[in-house]
Each structure stands twice: as C-alpha cells, then as structure tokens.
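A.B. asks: Before we start, here is the structure in question, set down as structure tokens.
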Amino acid sequence: MRPERPSTHPTQTYRSAISRFTTGVAIITTATPSGYAGMTASAVTSLSLDPLQLIVCVGNRLPTRSAIVESGRFVVNVLGAGHEDVALRFASPLPDKFAGVALREDHDMPVLSEAIAHFVCRVDAALPGGDHTILIGDVEACDFVEDAAPLVYFGSRFGQLCDPERHAQLHYDWQLALAM
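Numbered by my numbering, the letters in the sequence shown go through residues 2 to 181 in order.
As structure tokens, then:
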C-alpha cells in the first residue's frame, strides 16, 4: 500500500509524476545575426526515420524559442555523464551562456564540443502545445561519440546509467566474498 501524500495542486502533482520519467539531457542551440541562443531541454524525441525528424518542445516565453523561429534552424546537443555544469549553465538566465563553452568548427550552427551526439535541424513545423511550442526538425546532419555514457534526468535530479561492467564486477566480488 502506498503512503498517502498531502493534497497538492494538480500542476504540482503532474510535475512530480512526470519527473519520474527518465530522460536524456540536451542543449538546444541556434544562431541568429545577433548571436547564439541556447537552453537546456529534456523534452526531445525521435519522430521519423523517413524523413529523418525529431521533436523538441520549447517554452513559449524563452528567448531561445524566438531565436529558433528567427533562424529556422537549431541543434540538439546531447550531454554525456559529468556535464551537469553545462546543463545548469544553459538552464540559467545568464546573458552569455556560451562564454567558455567550446564549439565544433565544422558546422555553421553552434554544436557543443562536449556533446556525445548532435542533430543539426531545419524547422519543418512549429505547433502550439499549451505553454510550449512543439518544433519538428528535419535532421540535416548528425553524429555521435561511440561508447559515451549519457547524462540522465530523473526526479528533478541529474544522474547516470549504471556501468554494466562495473556492476558485474561488484556482483562477482560480492558472490566471492559470500562463498569464503
């Protein structure tokens, strides 16, 4: 039987419940004539393989949303384990989120050097979604780092996946200790 929780506003209950859905962490970036814009996002998903498309949900009041609409293009930069600092930087209202952040030079869009995967997209559609805009992006280019561990987000906290080799070694050591 589950313990009873105090009654809360439906919005708070929803936020707490949806935070139990584990997601990856991405930095959404774009470039406009006035500079770069970026934000942290967890609402990213694959949409289609033919054509290659993905979805990103962006808050309607965020400056990055306006910059993406102006640019017509964006990049999804997937963060790896240990890059919580980058996620927090781009989730903040800092005036220059890109200060000190290394970018790859082989793209005309801001692709983070530290990303374990990236998707350069052209906006195919922007659909209303309550207090967010659902952006459908046609993937123009993508790449990834082999065997990189992702940064994950669960319960409003950053984390990482269990390393199966380390887990197997610990299990073996534990079994060996019990046998002695």
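Even glycine gets a Cβ: it sits at the ideal position worked out from N, Cα and C.
Bear in mind the structure is a predicted one, so any value in this text is a computation, not a measurement.
Runs of 4 residues minimum, wholly inside the region 123-180: which ones carry the alpha helix (DSSP H) assignment?
C.D. replies: Segments of the alpha helix (DSSP H) lying fully in the region 123-180: 165-180.
A.B. asks: Determine whether the beta carbon atoms of G156 and S20 lie at a separation below 7 Å.
C.D. replies: Contact flag set, yes.
A.B. asks: Roughly how many angstroms lie between the CA atoms of A92 and L55, to the nearest whole one?
C.D. replies: About 21 Å.
A.B. asks: Rounded to a whole number of angstroms, what is the C-alpha to C-alpha distance between G39 and I135?
C.D. replies: Their Cα atoms are separated by approximately 16 Å.
A.B. asks: Within this structure, are the beta carbons of A27 and N78 separated by less than 7 Å?
C.D. replies: Result yes, Cβ atoms of A27 and N78 sit closer than 7 Å.
A.B. asks: Note the first and the last residue of the continuous alpha helix (DSSP H) segment covering A92.
C.D. replies: Start and end: 85-92.
A.B. asks: What residues match up with I69 in a beta bridge as DSSP calls it?
C.D. replies: DSSP output for I69 lists no bridge partner at all.
A.B. asks: Relative to the alpha-carbon of G81, which residue among Y173, D148, A169, Q13 has its alpha-carbon at the smallest distance?
C.D. replies: Here the closest residue by C-alpha is D148.
A.B. asks: What first and last residue would you give for the alpha helix (DSSP H) that runs through T12?
C.D. replies: Unbroken alpha helix (DSSP H) run through T12: 11-19.
A.B. asks: Could you tell me which residues DSSP puts in a beta bridge with R74?
C.D. replies: Per DSSP, R123.
A.B. asks: So D139 packs on P52, CB below 8 Å; how close in whole Å?
C.D. replies: Contact flag correct, Cβ pair sits at about 6 Å.
A.B. asks: Would you kindly work out how many angstroms separate the C-alpha atoms of E166 and P151, rounded to a whole number?
C.D. replies: So the two alpha carbons sit approximately 16 Å from each other.
A.B. asks: Just checking my contact of V76 with V146 at CB under 8 Å: how many whole Å lie between their CB atoms?
C.D. replies: With 8 Å as the limit, V76 and V146 do not qualify as a contact, their Cβ atoms being about 15 Å apart.
A.B. asks: Going by C-alpha to C-alpha distance, which of T23, S17, Q13 sits closest to Q161?
C.D. replies: When each option's Cα is compared against that of Q161, the closest is T23.
A.B. asks: With a 10 Å radius around its C-beta and 16 neighbouring C-beta atoms as the bar for buried, classify P111 as buried or exposed.
C.D. replies: P111 should be labelled buried.
A.B. asks: If distances are taken between C-alpha atoms only, which option among L177, F99, R158, A178 comes closest to E85?
C.D. replies: It is R158.
A.B. asks: Is it the case that the Cβ atoms of A68 and T33 are separated by a distance below 7 Å?
C.D. replies: For A68 and T33, yes; Cβs fall inside 7 Å.
A.B. asks: Smallest Cα separation from K98: which of D164, C163, T14, Y37?
C.D. replies: Of the candidates D164, C163, T14, Y37, the one whose C-alpha sits nearest the C-alpha of K98 is Y37.
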